[in-house]
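Chemist:
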Amino acid sequence: MADPVQFDRKPYIVSYVDADGVQQKIRRVPPPKLHDAMPTDQVELTRKHSDDFKDGDVLTVVGVSPRQPNTLKVENAAGQVTFISQYDMLLKEKKAMRDGLTPERLPERNQYLLWP
Numbered sequence: 023m024a025d026p027v028q029f030d031r032k033p034y035i036v037s038y039v040d041a042d043g044v045q046q047k048i049r050r051v052p053p054p055k056l057h058d059a060m061p062t063d064q065v066e067l068t069r070k071h072s073d074d075f076k077d078g079d080v081l082t083v084v085g086v087s088p089r090q091p092n093t094l095k096v097e098n099a100a101g102q103v104t105f106i107s108q109y110d111m112l113l114k115e116k117k118a119m120r121d122g123l124t125p126e127r128l129p130e131r132n133q134y135l136l137w138p
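One gets this note's numbering by counting positions in the sequence shown from 1 and adding 22 to each.
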């Protein structure tokens, strides 16, 4: 099974009507993903965002957009949701499947296969 979110950096078109009433189109390419967090993973907040999202809080990743992969939608224990930058978090615990493997079967978690 593949990852739940694909980050292929496929270009997309944004269209809007400018102040003169003329429709404009812009071609955009999503930036590369700079972190390992996926939905359902646990992350630790490294910078305070508000009174509800303080430095050191452990949050659950709710979503990562393929068009803005470095902005994460996170939820705290009270069920409140906010958006944070990948620079404001540390990956605490992997819970999502990656490359068809559960977190327990990932190579970095399997100490038996590591050389002494």
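Glycine residues also receive a C-beta, built at the ideal position from the N, C-alpha and C atoms.
What's the gap between the Cα of Ile48 and the Cα of Asp40?
Modeler: On the sequence shown, residue 48 is found 26 positions in, with the first residue counted as 1. On the sequence shown, residue 40 is found 18 positions in, with the first residue counted as 1. Using only the alpha carbons, I get a separation of about 12 Å.
Chemist: Taking contact to mean at least 3 C-beta pairs separated by less than 8 Å, is the stretch 60 to 80 in contact with the stretch 28 to 35?
Modeler: no
Chemist: Let me confirm a value: Val44 is counted as buried when at least 16 other C-beta atoms fall within 10 Å, else exposed. Which label applies?
Modeler: The residue labelled residue 44 in the question sits at position 22 within the sequence shown. With fewer than 16 Cβ atoms within 10 Å of its Cβ, Val44 is classed as exposed.
Chemist: Alpha carbon to alpha carbon, how far is Arg89 from Met60?
Modeler: Stepping through the sequence shown from its first residue, residue 89 is reached at position 67. Stepping through the sequence shown from its first residue, residue 60 is reached at position 38. Looking at the two C-alpha atoms, the distance is approximately 14 Å.
Chemist: Restricting to runs no shorter than 4 residues, where is the alpha helix (DSSP H) found entirely within the stretch 51 to 114?
Modeler: none
Chemist: Taking just the CA atoms, how far does Ser37 sit from Lys116?
Modeler: Your numbering for residue 116 matches position 94 in the sequence shown. Your numbering for residue 37 matches position 15 in the sequence shown. About 37 Å.
Chemist: Can we count Leu81 as close to the ligand SAH, meaning its CB is less than 8 Å from some heavy atom?
Modeler: The ligand SAH is absent from the structure shown, which contains no ligands of any kind.
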